[in-house]
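Quick notes on the structure that follows.
Chains as they are written, first to last, in our numbering: chain A, 2 to 437; chain B, 823 to 1301; chain C, 875 to 1001.
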């Protein structure tokens, strides 16, 4: 109905005349008749009010849970009000990639600040301006490590299954092998890792905390001794508290940035962050902002090291990435500014404390036990005396999204958003299902 | 402008979280030895900081943005409101299917509408951006040939005028890239294409209209040549805005397409993302699509992943909220509005070109569609003023310059795409400004080398930035 | 344009300084560095790599372009000029001092030009 066309019919008539054609149809004359489409089978255009009603009706068909104890790669955290205030600004929302530095200093500076915050969180030297999500970040990181002599990717089986699958898809494209390192008691088996570290291995990818929420003992020395690179996929909230990837010897840190101020949003848009050592800087894919000066000596920011990228290097580029998740990176930067070092630590501590509290309470129930030994961060797996489905259905009936069924048990997630009362309520429902 | 870190003062914070209501308990694991040096600021500091940064940014809402090949059309506000509905933003991606019926219906509805527009049979919304859509689309081609034990097809043909992502995606998919020269009209050289196509051809990547803004009228012959050689045809949807509702990639003979929802379907670019790059295909390729597909089943909706799938390229179901925005736009425009948008995009480009072509050289002016390419090669020889100088001068007039130095087959190129959401007055004004800049280029070329003058910074030292990369803030030693 | 007489030149704008019959330094010419503009990064091959006459052995980056560098001789990379990694501007400042690689065991050489012939060729390219 509305086409967002601002020219009036008269103006359009005048424009056609200026162009020298009698109708707009004449402008399409070079399209062969044989390929022209007739009228498409599309619904009639709607007014704004009708569109609103249609989409509100669709949104209403979904159930938003009041209590969420499910994570598994998508985490519900408190989003400070200022975050949306920042990202809703139209100058940021409607701008393209900041190619024209002189009128994009605000964007470039915000990305530069984001890069700095990611470096601070991870302890790494260099961050890019973002990639699509945590899974593609892991796949891109593995590609950074490959060279002619080393092609094989080792990936811990305790990495998020969708991340493993994404790395495998990218590896299928590149025609390189991926091997999973098996687990022992929910964690990467160190003996299997050592045995797999052959001279053709380019990298080892581990997740910290791993898919089951467990904190892994990372063996960077063994990986480096074999000449491979270590990639750690990390939860950014956990870095308010836990040792940094750099401190654990990682060459590349990647992760899903969604917990940094982005809603669950049925899986996207999210944020892939990537940071690496200085030695790998020129292999890092995606946009990177650098500080420089203009001719008058003013501090200025620009997209830099562009000769790595597809628009210059074409088929020799290390990645094809062009659009990224810039507005999500801005979200993360606003979130981290609002939280500050104290707030981030507080959020991380509350996640850890509440997860431990919930685990303790659940394990008081007869037949419920932790599947794997601590330490864990804000996720943990319990075994149950009943089927996970029975427990989850009972919770769902109360408006509570329980954990994710895994390996016959349930993978629970508890964040700072879950109050003690909500945890107690959830435990009560689980108790009732398990003990009757 | 101060960096947010330079606004930081120890001990300042926002009061965001209540005290912990369970006993504090740290995991028995190695903890970080020092906190991250995040800014310690109050909410007003953050608000003022980002408001100031926003003043040094230029979006579609700030002024004319004829960035060729990027389709910087207006982003309707209703799309934003719909994407912010709690019924969408509050959904966990791994909820039980009976609790996400509306979200799955969004995906199914958007798939059906976009398949109708492209002439495809199925579409996956997993790819997060155009480049990832290309990568996924090429993997469909790879998986298809592999499923037929056809293992000798190692080459992807790409026109020399193509976007850089095309060859880069082909390389990521494990293919050798063969560049096909353009003919004097800026279209695919058929003889060169015939010579290149053969039993080792996996496929062709093409955008039509192409990057000089022309519709390749030999399109059926092009796709036939590739199909006769046993290859598949990939449509890069970057320029679909020129022809949506008027001609469909499927009818041109393409087997796979990707779309850029953030170009053609009006979702905002957000300083470079998030976009969405759904990949569509004909039925015989549908089993290879990445990730899970939302499907209608027994009066409801569910998620399915084919056993032949190339696997996922990303977490979950892609940039879902971007799809919500695009659906909102599709429903608004509908049957009549979709071709009308294309018609007005083409009219606007032709009108602006008409206003310019008496003094500016247009690389390929005959049959221009939604964008055209100015070449300043002549001007550079005559006055020393480059495409870069003209572009930078435009900044002083508050309009975003066209895409510079692309496509590579045109020297001193400025690629202009006004889109349909500019009115006649904006185009008249842009033409007036370009003429004025050209006058200045001819009377005082030296002045243009130092443009822009009115922006918050002048041209940055890009050589210095690349030679000595400073990619993060250096905290003062004392802090 | 500076074109030292004692060097040999490839049509693809590299220079060769023979240290003995089978060893040579390879760099890019003054003409080439001027056309490339300010270089910001030099990719270098690894010591031990084989290089082949007429084939690309590395590339050099300016802000907005990447340019292939062809090897005028066939042999093995014995040394790379690591100084260029930190200071790519050396090629702009002193193209004939800023060698890229030292090749040993040279078994083949493409048809090389002397300084006069190379200058003539550059003049033709200028048109």
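No residue lacks a Cβ here, since even glycine has one placed at the ideal position from N, Cα and C.
Using the beta-carbon of each residue, which ones in chain B are nearer than 7 Å to residue 912(C)? As a working note, residue 912(C) is residue 38 in the third chain. What residue 912(C) touches in chain B: 1285.
Close-in-space but distant-in-sequence residues of the same chain around residue 917(C) (CB under 8 Å, 5 per side omitted): For the purposes of this step, residue 917(C) is taken as the residue at position 43 of the third chain. These residues qualify, in order along the chain: 932, 933, 934, 935.
Just reading off the beta strand (DSSP E) that residue 936(C) is part of, what are its end residues? One-based indexing of the third chain puts residue 936(C) at position 62. Segment 930 to 936, the beta strand (DSSP E) holding residue 936(C).
So residue 407(A) and residue 109(A) are supposed to be a Cβ contact under 8 Å. How far apart are they, rounded? To locate residue 407(A), count along the first chain from 1; it is residue 406. To locate residue 109(A), count along the first chain from 1; it is residue 108. About 42 Å; that fails the 8 Å criterion.
Residue 43(A) versus 1127(B), 937(B), 997(B), residue with shortest Cα-Cα distance: In the first chain, the residue the question calls residue 43(A) occupies position 42. Comparing Cα positions, the closest option is 937(B).
If we ignore side chains and look at the alpha-carbon of each, how far apart do residue 49(A) and residue 295(A) end up? As a first step, residue 49(A) must be located in the first chain, where it is residue number 48. As a first step, residue 295(A) must be located in the first chain, where it is residue number 294. Whole-angstrom Cα-Cα distance: 46 Å.
Using only the alpha-carbon positions, how far apart do residue 240(A) and residue 1161(B) sit? The count along the first chain starts at 1 and reaches residue 240(A) at position 239. The count along the second chain starts at 1 and reaches residue 1161(B) at position 339. Straight-line Cα distance between these residues: approximately 50 Å.
Output needed for residue 270(A): all residues of its chain with C-beta closer than 7 Å, excluding positions within five of it in sequence on either side, in chain order. Along the first chain, one-based indexing puts residue 270(A) at 269. Within the same chain, residue 270(A) has close Cβ partners 326, 329.
Exposed or buried, residue 1298(B), counting other C-beta atoms within 10 Å across all chains shown (16 or more means buried)? In the second chain, residue 1298(B) corresponds to position 476, counting from 1. Its Cβ having fewer than 16 others within 10 Å, residue 1298(B) is exposed.
Would you check if the distance between the CB atom of residue 143(A) and the CB atom of residue 838(B) is smaller than 8 Å? Numbered from its first residue, the first chain carries residue 143(A) at position 142. Numbered from its first residue, the second chain carries residue 838(B) at position 16. No, the Cβ-Cβ distance between residue 143(A) and residue 838(B) is not below 8 Å.
Classify residue 133(A) as helix, strand or coil using the three-state DSSP reduction. Here residue 133(A) refers to the residue found at position 132 when the first chain is read from its first residue. Coil.
Could you run through the region 983 to 1000 of chain B and flag, in chain order, every residue whose CB is less than 7 Å away from some CB of chain A? 986, 987, 989, 990, 991, 992, 993, 994, 995, 996, 999
Is the shortest distance between the beta-carbon of residue 940(C) and the beta-carbons of chain A less than 8 Å? Position 66 of the third chain holds residue 940(C). Yes, residue 940(C) lies at the interface with chain A (some Cβ there is under 8 Å from its Cβ).
Given that residue 862(B) touches chain A, what residues does it touch there, using C-beta distances under 8 Å? Looking up residue 862(B) in the second chain gives position 40. Neighbours of residue 862(B) on chain A, chain order: 341, 342, 343.
Could you check whether the Cβ of residue 931(C) sits closer than 8 Å to any Cβ belonging to chain B? Residue mapping note: residue 931(C) aligns to position 57 of the third chain, counting from 1. Not an interface residue.
Using the rule of at least 16 other Cβ atoms within 10 Å of the residue's Cβ for burial, across every protein chain shown, is residue 1244(B) buried or exposed? Walking along the second chain from the start, residue 1244(B) turns up at place 422. Label assigned to residue 1244(B): buried.
So residue 275(A) is in the alpha helix (DSSP H); what residue range does that whole segment cover? For this step, residue 275(A) is matched to residue 274 along the first chain. First-last for residue 275(A): 273 to 277, but that is the beta strand (DSSP E), not the alpha helix (DSSP H).
Examine the Cβ distances between the region 849 to 857 of chain B and the region 64 to 76 of chain A and report whether three or more of them are shorter than 8 Å. no
Can you give me the Cβ contacts of residue 1(A) inside the same chain, cut-off strictly under 8 Å, excluding the 5 residues immediately before and after it? Outside the displayed span of chain A (2 to 437) sits residue 1(A), for which this structure offers no information.
Determine the chain C residues that contact residue 1288(B) at a beta-carbon separation under 8 Å, and present them in chain order. Here residue 1288(B) corresponds to residue number 466 of the second chain, with the count starting at 1. Within 8 Å Cβ-Cβ: 914, 915, 935, 937.
Select from the region 347 to 362 of chain A all residues with a C-beta closer than 8 Å to any C-beta belonging to chain B, and list them in chain order. 347, 348, 350, 351, 353, 354, 355, 357, 358
Going along the chain, which residues of the region 307 to 336 of chain A sit with their C-beta nearer than 8 Å to a C-beta in chain C? 307, 308, 313, 314, 317
Is any beta-carbon of chain B found at less than 8 Å from that of residue 989(C)? Within the third chain, the letter at position 115 stands for residue 989(C). Not closer than 8 Å to any Cβ of chain B, the Cβ of residue 989(C) fails to qualify, so no.
Give the DSSP-derived three-state secondary structure of residue 1315(B) in the structure shown. This structure gives no information on residue 1315(B), because the portion of chain B shown stretches from 823 to 1301.
Keeping to the same chain, check which residues put their C-beta closer than 8 Å to that of residue 964(C); ignore five residues upstream and five downstream. Your numbering for residue 964(C) matches position 90 in the third chain. Once the five neighbours on either side are set aside, the close Cβ partners of residue 964(C) are 957, 958, 971, 972.
Helix, strand or coil for residue 1013(B) per DSSP? On the second chain, position 191 is the one that residue 1013(B) refers to. Here residue 1013(B) sits in helix by DSSP.
In the region 939 to 962 of chain C, which residues sit with their C-beta less than 9 Å from some C-beta in chain B, listed in chain order? 961, 962
Are at least three pairs of beta-carbons, each pair with one atom in the region 924 to 934 of chain B and one in the region 1057 to 1075 of chain B, less than 8 Å apart? no
Residue-chain proximity (residue 431(A), chain B), Cβ-Cβ < 8 Å: Along the first chain, read from residue 1 onward, the residue named residue 431(A) stands at position 430. With 8 Å as the cut-off, residue 431(A) does not count as an interface residue toward chain B.
Do residue 1122(B) and residue 65(A) have their CB atoms nearer than 8 Å? Locating residue 1122(B) in the second chain gives position 300, counting from the first residue. Locating residue 65(A) in the first chain gives position 64, counting from the first residue. Cβ distance not < 8 Å, so residue 1122(B) and residue 65(A) don't count as in contact.
Among the candidates 432(A), 41(A), 91(A), whose CA atom is the shortest distance from the CA of residue 884(B)? Position 62 of the second chain, counting from 1, holds the residue named residue 884(B). Answer by Cα proximity: 91(A).
Excluding sequence positions up to five away, which residues of its chain have a Cβ less than 7 Å from the Cβ of residue 242(A)? Residue mapping note: residue 242(A) aligns to position 241 of the first chain, counting from 1. So the list reads 346, 349, 350, 353, once near-sequence residues are dropped.
Going by beta carbon distance, what residues of the same chain come within less than 8 Å of residue 395(A), once the five residues before and after it are set aside? Reading the first chain from its first residue, position 394 is the one you call residue 395(A). Here the set comprises 430, 431, 433, 434.
Consider the C-beta atom of residue 1271(B) and the heavy atoms of the ligand PLP; say whether any pair is separated by less than 7 Å. By its list of ligands, the structure shown contains no ligand whatsoever, and the ligand PLP lies outside what it can speak to.
Please classify residue 1045(B): does DSSP put it in a helix, a strand, or coil? Counted from its first residue, the second chain places residue 1045(B) at position 223. Residue 1045(B) falls in the helix class under three-state DSSP.
Would you report the Cα separation of residue 840(B) and residue 863(B), rounded to the nearest angstrom? Position 18 of the second chain holds residue 840(B). Position 41 of the second chain holds residue 863(B). Straight-line Cα distance between these residues: approximately 18 Å.
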